[in-house]
Amino acid sequence: MAYLLHLALVAAVCTFLVFAAPRDLAITWYTQEAAQPVNFTLYYESLCPGCHDLILQEVVPVWNKVKETGLMTVTLLPYGNAKESFEGGKWKFECQHGPKECEGNVLEVCINHYYPEITKQLEIISCVEKDFYATEGQDWQATLKRVILL
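Shown next, in the form of structure tokens:
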């Protein structure tokens, strides 16, 4: 009997909320202020297999889905596990995957500088990543020429 009484009370409250509650109350329940976008910053390496896969298989597809929504911002920083030192009045950089990776990182920094809009950066960098990774970093200039001409 108590179960039926409880069920009737729940039904009455639901009926009130659906039919008798002020419309403003319902709108307040379902409307929220816009949240701040998620800021995603990726420190990566131009010749790192894991970074390559992350950019091409995760970052680019997610960005393509949410870029118009304002839910997310993306910043790409091609630096990763590079080490820097100041020797003999000059900066020296050492990259985890060798000197070709340092060259690739510099190239991708330049892409970010000359194409500040993230959608364009991702478009170009994903092409560079595919081409350069496939050639194991043999020729950045050839990669860049192919990408720019695509």
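If you count by mature numbering (1 follows the signal peptide of the UniProt record, and there is no 0), then the sequence shown holds residues -20 to -1, 1 to 130, one letter each, in order. Cβ coordinates follow ideal geometry from the N, Cα and C atoms, glycine included. Remember, predicted model here, so these are calculated numbers, not experimental data.
**Q.** Short Cβ contact (8 Å threshold) for Gly50 with Tyr24
**A.** Position 70 of the sequence shown holds residue 50. Position 44 of the sequence shown holds residue 24. 8 Å or more divides the Cβ of Gly50 from the Cβ of Tyr24.
Q. Which residues in the same chain have their Cβ closer than 8 Å to the Cβ of Leu34, if we skip the five residues on either side of it in sequence?
A. For the purposes of this step, residue 34 is taken as residue 54 along the sequence shown, with counting starting at 1. If we look at Leu34 and ignore the five residues flanking it on each side, its Cβ neighbours are Leu22, Tyr24.
Q. According to the Cβ coordinates, are Ala114 and Cys82 closer than 8 Å?
A. Taking the first residue of the sequence shown as position 1, residue 114 is located at position 134. Taking the first residue of the sequence shown as position 1, residue 82 is located at position 102. Pairing Ala114 with Cys82 gives a Cβ-Cβ distance that is not under 8 Å.
Q: Give a yes or no on whether the C-beta atoms belonging to Thr53 and Pro96 are separated by under 8 Å.
A: Working through the sequence shown from its first residue, we reach residue 53 at position 73. Working through the sequence shown from its first residue, we reach residue 96 at position 116. The Cβ atoms of Thr53 and Pro96 lie no closer than 8 Å to each other.
Q.
Considering only the alpha carbon of each residue, which of Val127, Gln101, Leu36 lies closest to Leu57?
A. Within the sequence shown, residue 57 is the residue found at index 77, counting from 1. Shortest Cα-Cα distance from Leu57 to any of Val127, Gln101, Leu36 involves Gln101.
Q) On the premise that Gly78 lies in contact with Phe112, defined as a C-beta separation below 8 Å, what is that separation, rounded to the nearest angstrom? A) Walking along the sequence shown from the start, residue 112 turns up at place 132. Walking along the sequence shown from the start, residue 78 turns up at place 98. Not confirmed; about 13 Å, so no contact.
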